[in-house]
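Engineer:
Number of protein chains: 2
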Amino acid sequence: MRIVLPAGTTETARIEGISAAGAAPTLLAHTPSADVEILEYGRPTGAPVTPVSPTGCPTPAAVTRAVREVVGFEVTVVDAGLAKPTAAPTVDVGAEPGADIRDPIAVPDADAIYDRAYTLGTTFPDSKLVIGETIPGGTTTALGVLTALGESVGVSSSLPDNPLERKRAVVEEALAASGLEAGDCESAPIEAIRAVGDPVQATVFGLLAGALETGTEITLGGGTQMVAIAAALRHAGIEASLTIATTVFVAEKRDGELEAVCDRLDCELRVTDPGFDRRDHVSMARYCAGEAKEGVAMGGALSLVGDEEMDTVRDRFEAICTRLGIDGDDSSGDLTSPTPTDDHGGSLPQEEDSGP
Amino acid sequence: MRIVLPAGTTETARIEGISAAGAAPTLLAHTPSADVEILEYGRPTGAPVTPVSPTGCPTPAAVTRAVREVVGFEVTVVDAGLAKPTAAPTVDVGAEPGADIRDPIAVPDADAIYDRAYTLGTTFPDSKLVIGETIPGGTTTALGVLTALGESVGVSSSLPDNPLERKRAVVEEALAASGLEAGDCESAPIEAIRAVGDPVQATVFGLLAGALETGTEITLGGGTQMVAIAAALRHAGIEASLTIATTVFVAEKRDGELEAVCDRLDCELRVTDPGFDRRDHVSMARYCAGEAKEGVAMGGALSLVGDEEMDTVRDRFEAICTRLGIDGDDSSGDLTSPTPTDDHGGSLPQEEDSGP
Numbered sequence: 002m003r004i005v006l007p008a009g010t011t012e013t014a015r016i017e018g019i020s021a022a023g024a025a026p027t028l029l030a031h032t033p034s035a036d037v038e039i040l041e042y043g044r045p046t047g048a049p050v051t052p053v054s055p056t057g058c059p060t061p062a063a064v065t066r067a068v069r070e071v072v073g074f075e076v077t078v079v080d081a082g083l084a085k086p087t088a089a090p091t092v093d094v095g096a097e098p099g100a101d102i103r104d105p106i107a108v109p110d111a112d113a114i115y116d117r118a119y120t121l122g123t124t125f126p127d128s129k130l131v132i133g134e135t136i137p138g139g140t141t142t143a144l145g146v147l148t149a150l151g152e153s154v155g156v157s158s159s160l161p162d163n164p165l166e167r168k169r170a171v172v173e174e175a176l177a178a179s180g181l182e183a184g185d186c187e188s189a190p191i192e193a194i195r196a197v198g199d200p201v202q203a204t205v206f207g208l209l210a211g212a213l214e215t216g217t218e219i220t221l222g223g224g225t226q227m228v229a230i231a232a233a234l235r236h237a238g239i240e241a242s243l244t245i246a247t248t249v250f251v252a253e254k255r256d257g258e259l260e261a262v263c264d265r266l267d268c269e270l271r272v273t274d275p276g277f278d279r280r281d282h283v284s285m286a287r288y289c290a291g292e293a294k295e296g297v298a299m300g301g302a303l304s305l306v307g308d309e310e311m312d313t314v315r316d317r318f319e320a321i322c323t324r325l326g327i328d329g330d331d332s333s334g335d336l337t338s339p340t341p342t343d344d345h346g347g348s349l350p351q352e353e354d355s356g357p
Numbered sequence: 002m003r004i005v006l007p008a009g010t011t012e013t014a015r016i017e018g019i020s021a022a023g024a025a026p027t028l029l030a031h032t033p034s035a036d037v038e039i040l041e042y043g044r045p046t047g048a049p050v051t052p053v054s055p056t057g058c059p060t061p062a063a064v065t066r067a068v069r070e071v072v073g074f075e076v077t078v079v080d081a082g083l084a085k086p087t088a089a090p091t092v093d094v095g096a097e098p099g100a101d102i103r104d105p106i107a108v109p110d111a112d113a114i115y116d117r118a119y120t121l122g123t124t125f126p127d128s129k130l131v132i133g134e135t136i137p138g139g140t141t142t143a144l145g146v147l148t149a150l151g152e153s154v155g156v157s158s159s160l161p162d163n164p165l166e167r168k169r170a171v172v173e174e175a176l177a178a179s180g181l182e183a184g185d186c187e188s189a190p191i192e193a194i195r196a197v198g199d200p201v202q203a204t205v206f207g208l209l210a211g212a213l214e215t216g217t218e219i220t221l222g223g224g225t226q227m228v229a230i231a232a233a234l235r236h237a238g239i240e241a242s243l244t245i246a247t248t249v250f251v252a253e254k255r256d257g258e259l260e261a262v263c264d265r266l267d268c269e270l271r272v273t274d275p276g277f278d279r280r281d282h283v284s285m286a287r288y289c290a291g292e293a294k295e296g297v298a299m300g301g302a303l304s305l306v307g308d309e310e311m312d313t314v315r316d317r318f319e320a321i322c323t324r325l326g327i328d329g330d331d332s333s334g335d336l337t338s339p340t341p342t343d344d345h346g347g348s349l350p351q352e353e354d355s356g357p
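From first to last, the protein sequence lines stand for chains A and B.
With positions in the first sequence counted from 1, the corresponding number in our numbering is that position plus 1.
With positions in the second sequence counted from 1, the corresponding number in our numbering is that position plus 1.
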């Protein structure tokens with residue numbers, strides 16, 4: 002089994018109140034680079050940050066890595082617009098970091114990225130793939146694309162209190178800057194991504210379409226960000242069967258909305274519960290409290306775990322948390338380098354956090 | 002266990018009689034990109050060539066992949082000057098393809114590549130690493146560096162009849178073009194690589210020095226090309242212990258010379274015999290006849306195989322040969338895309354082969 006993980010960045014993450022950009026833009030830019038190192042090597046090796054929130058909630062990359070140490074899947078990371086170098090090996094699809102979606106064009110070369118990712122998607126030898134993503138700010142760009150497509154659905158957040166109204170206001174501004182109204186990109190998903198999306202979306206969408214073309218069975222590992230990709234696929238007129246695998250943390254918070262939209266998009270929804278409530282560990286408690294929730298293919302990875310292996314995954318997750326500098330028994334933690342971000346780079350105790 | 006594999010190219014491979022450059026320069030340029038795809042995915046997925054010689058001898062990448070399918074080591078490919086894209090994920094150290102060593106400067110940015118590779122070498126979480134290489138033309142650049150360092154030693158070849166005199170003539174010309182004589186780069190290994198080496202050498206050397214600095218135990222997987230790196234290390238005044246792991250195909254052909262030079266460089270030499278003489282298979286017969294011999298970390302990978310697993314490695318190798326289009330029972334073969342190259346991209350029936 003292989004997990005393909007496009008990793009990138011968008012200036013959208015720096016918008017005040019959406020993520021922690023005002024607090025630590027540099028750390029934010031490094032988060033996806035650190036995420037893929039955690040997935041590849043078990044800890045950040047080149048990136049100068051460790052994506053753990055001040056409350057002791059590590060990036061979902063730590064969960065995905067824990068699953069990898071138990072299940073042993075292969076990983077192919079795709080550079081889908083990283084802003085900072087990473088020591089993890091990546092496949093290049095020529096993507097640059099995305100612009101702020103409030104600019105007229107968010108992803109100038111969206112079709113070229115899509116095309117290259119499509120070609121890459123046709124080449125994998127695997128009969129089944131999980132495709133994930135890591136991009137801070139990604140739930141806001143997901144809302145942008147969904148809105149441009151005319152799909153009325155909310156998005157998730159790595160914050161316990163989802164700043165959804167704030168995101169809607171940003172998306173409204175973004176559409177206006179692109180001369181668009183909600184629904185104007187119906188049946189034109191790449192145009193939606195180009196206007197108000199991000200380079201990771203263009204990459205995931207291309208990989209998905211290419212892999213489906215060659216008969217590969219695909220699971221999109223993620224929550225509302227993957228709903229945006231599924232919507233893009235349907236708006237492109239592609240009817241192939243598709244599964245979205247996410248965590249109970251996302252699904253419960255969306256209160257049935259996720260099931261409804263997956264049903265509408267003709268996607269199977271798989272929801273996995275890693276049983277973090279069975280342990281007395283600060284990081285697991287934070288996930289149960291609604292922090293981080295999903296990202297870095299976490300839901301997709303967990304869907305590969307048999308019931309009898311989940312306890313071992315929790316063991317590995319504890320070991321990885323220790324490696325990342327989290328003291329599991331003490332909720333104050335001893336954190337090496339907190340990186341507060343909205344989207345699965347950890348989360349913030351409050352939206353307007355003014356310092357790391 | 003992790004194998005780190007710098008992959009790159011040098012214009013030196015295009016010199017007539019050194020490799021098959023006159024016959025198929027385009028295929029040659031794609032060979033390392035195909036090699037790393039074979040290692041990562043089990044077959045070329047993006048590269049438009051399958052490195053198999055006209056006689057049915059596949060690239061050593063097929064052997065290394067066979068070991069991987071049995072032993073399960075991790076792989077980190079480093080882009081050390083690839084000329085063509087690859088669908089395998091790579092870490093970037095900013096290397097460009099190397100120039101012909103008969104130009105005044107073969108690797109203009111040798112120190113910058115070394116520095117970046119050194120940093121990368123310090124970051125791996127593993128306590129032991131195998132470092133390999135894939136670069137067509139690499140035995141000629143190895144002879145160049147060894148000569149510039151003043152180390153009197155021959156080099157191997159993937160050809161049954163090693164065109165060593167031809168290589169010596171090229172190296173003589175290369176040194177003259179750089180204003181150097183044999184031994185002029187004693188204690189200045191990066192200067193030797195810059196003048197008459199290749200970008201993969203700069204990368205392997207940097208990775209090696211960085212990893213040794215952090216206490217990692219290193220095995221260099223390869224033959225005479227790795228002797229050049231070991232010599233570079235000693236000429237840099239680094240005394241850490243070091244192992245070179247190669248195959249019986251290289252070691253027997255060098256008739257004791259390899260042992261002698263390893264002894265002089267204070268390197269342990271490990272020689273593995275994959276027992277290819279025990280099967281009636283065209284590809285294994287070609288290896289036994291002295292084709293290909295080594296490359297793509299083959300010797301290093303084989304050193305990880307327990308005696309009781311070697312038969313399974315041979316099984317996997319047969320399966321991979323079939324996947325690469327080789328009909329094992331028929332020495333005429335049914336080859337999809339023969340790529341004649343000198344250095345472990347397969348080999349040629351004769352040096353001056355005039356067509357693919």
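Note that CB positions come from ideal geometry on N, CA and C, so glycine has one too.
For the beta strand (DSSP E) containing Glu-75 (chain A), list its first residue and its last residue.
Structural biologist: Locating residue 75 (chain A) in the first sequence gives position 74, where the first residue counts as 1. Start and end: 75–80.
Engineer: Contact criterion: CB-CB distance below 7 Å. Does Thr-46 (chain A) meet it with respect to chain B?
Structural biologist: Residue numbering aside, residue 46 (chain A) sits at position 45 when the first sequence is read from its first letter. Yes - at least one Cβ of chain B is within 7 Å of the one on Thr-46 (chain A).
Engineer: Which residue's Cα is closest to the Cα of Asp-267 (chain A): A:Asp-281, A:Gly-133, A:Thr-244, A:Val-249?
Structural biologist: Taking the first sequence and counting its residues from 1, one reaches residue 267 (chain A) at position 266. Minimum Cα distance to Asp-267 (chain A) is reached at A:Thr-244.
Engineer: Which same chain residues end up closer than 6 Å to Val-314 (chain A) when comparing Cβ atoms and leaving out the 5 residues on each side of it in sequence?
Structural biologist: For the purposes of this step, residue 314 (chain A) is identified with residue 313 of the first sequence, where counting begins at 1. Ala-67, Val-68, Val-71, Val-306, listed in sequence order.
Engineer: Which bits of chain B does Gly-43 (chain A) rub up against, with CB to CB less than 7 Å?
Structural biologist: Start at 1 with the first residue of the first sequence, and residue 43 (chain A) comes out as number 42. Within chain B, the residues near Gly-43 (chain A) are Pro-126.
Engineer: Please work out which residues of its chain come closer than 7 Å, Cβ to Cβ, to Pro-49 (chain B), disregarding the five sequence neighbours upstream and downstream, and give them in chain order.
Structural biologist: Along the second sequence, one-based indexing puts residue 49 (chain B) at 48. His-31, listed in sequence order.
Engineer: Looking at chain A, is there any beta carbon in it that lies within less than 7 Å of the beta carbon of Ser-338 (chain B)?
Structural biologist: Here residue 338 (chain B) corresponds to residue number 337 of the second sequence, with the count starting at 1. Because the pLDDT at Ser-338 (chain B) is just 44, under 50, the model does not fix this residue reliably, and the point stays unresolved.
Engineer: Determine, using beta-carbon pairs with one atom in the segment 220–239 of chain B and one in the segment 124–143 of chain B, whether at least three such pairs fall under 8 Å.
Structural biologist: Enough Cβ pairs lie closer than 8 Å, so yes.
Engineer: Taking the alpha-carbon positions, what's the Glu-1 (chain B) to Pro-52 (chain B) distance?
Structural biologist: Here chain B covers residues 2 to 357 and nothing more, so residue 1 (chain B) does not appear.
Engineer: Scan the segment 89–108 of chain A for residues whose Cβ lies nearer than 9 Å to a Cβ of chain B and list them as they occur along the chain.
Structural biologist: Ala-89, Pro-90, Thr-91, Val-92, Asp-93
Engineer: Applying the criterion that 16 or more other CB atoms from any shown protein chain within 10 Å of the CB defines a buried residue, is Ala-35 (chain B) buried or exposed?
Structural biologist: Start at 1 with the first residue of the second sequence, and residue 35 (chain B) comes out as number 34. The residue in question, Ala-35 (chain B), is buried, as its Cβ has 16 or more Cβ neighbours within 10 Å.
Engineer: Residues of chain B with CB closer than 7 Å to the CB of Thr-77 (chain A), please, in chain order.
Structural biologist: As a first step, residue 77 (chain A) is located in the first sequence; it is residue number 76 there, counting from the start. Residues of chain B passing the Cβ test: Pro-90.
Engineer: Looking at the unbroken beta strand (DSSP E) that takes in Asp-93 (chain A), where does it start and where does it end?
Structural biologist: The count along the first sequence starts at 1 and reaches residue 93 (chain A) at position 92. From DSSP, the beta strand (DSSP E) with Asp-93 (chain A) extends over 91–93.
Engineer: In angstroms, rounded to a whole number, what distance separates the CA positions of Val-251 (chain A) and Thr-124 (chain B)?
Structural biologist: Counting from 1 along the first sequence, the entry for residue 251 (chain A) is found at position 250. Counting from 1 along the second sequence, the entry for residue 124 (chain B) is found at position 123. Each residue's Cα considered, the two are about 34 Å apart.
Engineer: Are the C-beta atoms of Leu-209 (chain B) and some chain A residue less than 7 Å apart?
Structural biologist: Looking up residue 209 (chain B) in the second sequence gives position 208. Answer no: the Cβ-Cβ gap between Leu-209 (chain B) and chain A never drops below 7 Å.
Engineer: As an exercise, report each continuous alpha helix (DSSP H) stretch of at least 4 residues that is fully enclosed by the segment 221–308 of chain B, in chain order.
Structural biologist: 225–236, 249–255, 258–265, 283–289, 299–303
Engineer: Return helix, strand or coil for Glu-218 (chain B), following the three-state DSSP convention.
Structural biologist: Position 217 of the second sequence, counting from 1, holds the residue named residue 218 (chain B). Correct three-state label for Glu-218 (chain B): strand.
Engineer: Give me the subset of the segment 115–142 of chain B whose CB atoms are less than 8 Å from a CB atom of chain A, sorted by chain position.
Structural biologist: Thr-120, Leu-121, Thr-124, Phe-125, Pro-126
Engineer: Report all residues from its chain with a CB closer than 8 Å to the CB of Phe-74 (chain B); omit the five preceding and five following residues, and keep chain order.
Structural biologist: As a working note, residue 74 (chain B) is residue 73 in the second sequence. Same-chain partners within the cutoff: Met-2, Arg-3, Ile-4, Val-68, Val-131, Ala-302, Leu-305.
Engineer: On a CA-only basis, which of A:Ile-194, A:Ser-159, A:Asn-163, A:Asp-162 is nearest Ala-175 (chain A)? Give me that one, please.
Structural biologist: The residue you call residue 175 (chain A) lines up with position 174 of the first sequence. Ranking A:Ile-194, A:Ser-159, A:Asn-163, A:Asp-162 by Cα distance to Ala-175 (chain A) puts A:Ile-194 first.
Engineer: Helix, strand or coil for Val-71 (chain B)? Go by DSSP, reduced to three states.
Structural biologist: By one-based count along the second sequence, residue 71 (chain B) stands at place 70. Val-71 (chain B): helix per DSSP, three-state reduction.
Engineer: Use the C-beta contact count for Asp-330 (chain B): other C-beta atoms within 10 angstroms, 16 or more gives buried, fewer gives exposed.
Structural biologist: The residue given as residue 330 (chain B) occupies position 329 in the second sequence. Classification of Asp-330 (chain B): exposed, given that the 10 Å Cβ count is below 16.
Engineer: Judging by CA-CA distance, which residue of A:Glu-240, A:Lys-294, A:Leu-259 is the nearest neighbour of Pro-275 (chain A)?
Structural biologist: Position 274 of the first sequence holds residue 275 (chain A). For Pro-275 (chain A), the nearest C-alpha among the options comes from A:Lys-294.
Engineer: Between the Cα of Ala-286 (chain A) and those of A:Ser-54, A:Tyr-42, A:Pro-7, spot the shortest distance and give me the residue it belongs to.
Structural biologist: Indexing the first sequence from 1 puts residue 286 (chain A) at position 285. Checking every option, the nearest Cα to that of Ala-286 (chain A) belongs to A:Ser-54.
Engineer: Select from B:Thr-27, B:Ile-239, B:Val-64 the residue whose C-alpha is nearest the C-alpha of Lys-85 (chain B).
Structural biologist: If you number the second sequence from 1, residue 85 (chain B) lands on position 84. Relative to Lys-85 (chain B), the option among B:Thr-27, B:Ile-239, B:Val-64 whose CA is nearest is B:Thr-27.
Engineer: Can you give me the Cβ contacts of Lys-129 (chain A) inside the same chain, cut-off strictly under 6 Å, excluding the 5 residues immediately before and after it?
Structural biologist: Position 128 of the first sequence, counted from the first residue, corresponds to residue 129 (chain A). Cβ neighbours of Lys-129 (chain A) beyond the five flanking positions: Glu-218.
Engineer: Going by beta carbon distance, what residues of the same chain come within less than 8 Å of Ala-290 (chain B), once the five residues before and after it are set aside?
Structural biologist: Start at 1 with the first residue of the second sequence, and residue 290 (chain B) comes out as number 289. If we look at Ala-290 (chain B) and ignore the five residues flanking it on each side, its Cβ neighbours are Pro-161.
Engineer: So Val-249 (chain B) and Thr-65 (chain B) are in contact, right, with Cβ under 8 Å, and what is the actual spacing, rounded?
Structural biologist: Numbered from 1 along the second sequence, position 248 holds the residue referred to as residue 249 (chain B). Numbered from 1 along the second sequence, position 64 holds the residue referred to as residue 65 (chain B). In this structure, Val-249 (chain B) and Thr-65 (chain B) do not form a Cβ contact; the two beta carbons are roughly 16 Å apart against a cut-off of 8 Å.
Engineer: Identify every residue that forms a DSSP beta bridge with Gly-392 (chain B).
Structural biologist: Not covered by the structure: residue 392 (chain B). The range shown for chain B is 2 to 357.
Engineer: Would you please state the rounded distance, in angstroms, between the beta carbons of Ala-203 (chain B) and Tyr-115 (chain B)? I believe it to be under 8 Å.
Structural biologist: Position 202 of the second sequence, counted from the first residue, corresponds to residue 203 (chain B). Position 114 of the second sequence, counted from the first residue, corresponds to residue 115 (chain B). Contact holds; Cβ gap of about 5 Å.
Engineer: Closest by CA to Gly-223 (chain B), which one among B:Gly-139, B:Gly-57, B:Arg-324?
Structural biologist: For the purposes of this step, residue 223 (chain B) is taken as residue 222 along the second sequence, with counting starting at 1. Taking only the C-alpha atoms, the option nearest Gly-223 (chain B) is B:Gly-139.
Engineer: For Leu-270 (chain B), which residues in the same chain have their Cβ closer than 7 Å to its Cβ, ignoring the five residues on either side in sequence?
Structural biologist: Start at 1 with the first residue of the second sequence, and residue 270 (chain B) comes out as number 269. Same-chain partners within the cutoff: Ile-245, Leu-259, Glu-260, Cys-263.
Engineer: Whole-angstrom Cβ separation of Gly-122 (chain A) and Ala-212 (chain A), contact assumed at under 8 Å?
Structural biologist: In the first sequence, counting from the first residue as 1, residue 122 (chain A) sits at position 121. In the first sequence, counting from the first residue as 1, residue 212 (chain A) sits at position 211. Going by Cβ atoms, the distance from Gly-122 (chain A) to Ala-212 (chain A) rounds to 4 Å, so yes, they are a contact pair.
Engineer: Under a Cβ-count criterion, where at least 16 other Cβ atoms within 10 Å of its own Cβ denotes burial, should Ser-158 (chain A) be classed as buried or exposed?
Structural biologist: As a first step, residue 158 (chain A) is located in the first sequence; it is residue number 157 there, counting from the start. With a threshold of 16 other beta carbon atoms within 10 Å, Ser-158 (chain A) meets it and is buried.
Engineer: Assign Val-145 (chain A) to one of two classes, buried (16 or more other C-beta atoms within 10 Å of its C-beta) or exposed (fewer than that).
Structural biologist: In the first sequence, the residue the question calls residue 145 (chain A) occupies position 144. The residue asked about is misnamed: residue 145 (chain A) is Gly in this sequence, not Val. With 16 or more Cβ atoms within 10 Å of its Cβ, Gly-145 (chain A) is classed as buried.
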